[in-house]
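Everything below concerns the one structure shown next.
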């Protein structure tokens with residue numbers, strides 16, 4: 003699926019944009035590519051469109067990322083990295099176990115609700131059966147601290163008699179993700195079927211509170 007660089011006609015004379023700030027250039031490419039891949043998936047996204055939107059060239063994009071697939075993996079890595087970076091700033095270790103769990107659920111809900119591109123990327127990567135996610139050691143490493151943080155707050159809760167024993171940190175993470183992910187991934191079909199569009203704002207706030215309560219009650223002793 004790698005897209006070779008074909009230069010013909012006017013494109014043949016187009017050279018990579020020169021810049022003294024490659025980090026800024028790469029960040030701009032990632033920002034535009036995130037929307038392109040989120041909207042159209044890997045197969046539908048076009049490097050030409052990303053190059054035009056960033057006022058750079060296909061050659062420059064391939065110079066930085068190697069291929070269309072390389073850029074796609076970089077977008078996935080950047081999306082997960084940004085989420086985990088914000089998550090680390092929650093400082094769950096400084097909160098009581100139940101308060102920490104509530105904060106984690108609320109953060110996950112808010113992040114998903116405010117980052118539809120992230121949800122679309124994950125949905126598209128599931129269509130790809132995780133083939134490109136599997137190529138990234140970085141993403142695998144990013145998720146280790148996330149599970150470790152849940153394990154730490156859960157263990158504290160169990161030790162204090164607040165949480166019931168016998169639960170798995172990865173399963174808790176999966177439950178939080180599933181409940182918060184659905185609110186965004188299925189918002190259009192669910193909203194049309196159940197006609198909740200007129201009260202969308204109130205419905206989302208209620209859903210946030212309900213999901214938080216469901217997860218906390220599931221874990222509480």
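Numbering (the working numbering), first residue to last: 3 to 223.
Just so it is clear, CB atoms sit at the ideal spot from N, CA and C, and this is done for glycine as well.
It should be emphasised that the depicted structure is a prediction, and the values quoted were computed from it without experimental measurement.
Spatial neighbours of residue i in its chain, beta-carbon cut-off 7 Å, leaving aside the 5 residues before and after
| i | result |
| --- | --- |
| residue 34 | 52, 55 and 56 |
| residue 89 | 109 and 148 |
| residue 32 | 76, 77 and 80 |
| residue 94 | 102, 105, 106, 151 and 155 |
Residue burial classification, residue i (beta-carbon count within 10 angstroms, cutoff 16)
| i | result |
| --- | --- |
| residue 159 | buried |
| residue 220 | exposed |
| residue 99 | buried |
| residue 143 | exposed |
| residue 59 | buried |
| residue 127 | buried |
Minimum C-alpha distance to residue i - residue among the options
| i | options | result |
| --- | --- | --- |
| residue 71 | 84, 49, 90 and 86 | 49 |
| residue 215 | 136, 37, 105 and 41 | 105 |
| residue 23 | 212, 86, 66 and 157 | 66 |
Beta carbon of residue i nearer than 8 Å to that of residue j
| i | j | result |
| --- | --- | --- |
| residue 114 | residue 185 | yes |
| residue 177 | residue 75 | no |
| residue 134 | residue 222 | no |
| residue 112 | residue 40 | no |
| residue 82 | residue 141 | yes |
Cβ-based neighbour list, residue i, same chain, cut-off 8 Å, excluding 5 preceding and 5 following
| i | result |
| --- | --- |
| residue 183 | 114, 121 and 124 |
| residue 163 | 223 |
| residue 217 | 103, 107, 174, 177, 178 and 181 |
| residue 42 | 48 |
6 Å CB neighbourhood of residue i in its chain, flanking five on each side removed
| i | result |
| --- | --- |
| residue 152 | 171, 174 and 175 |
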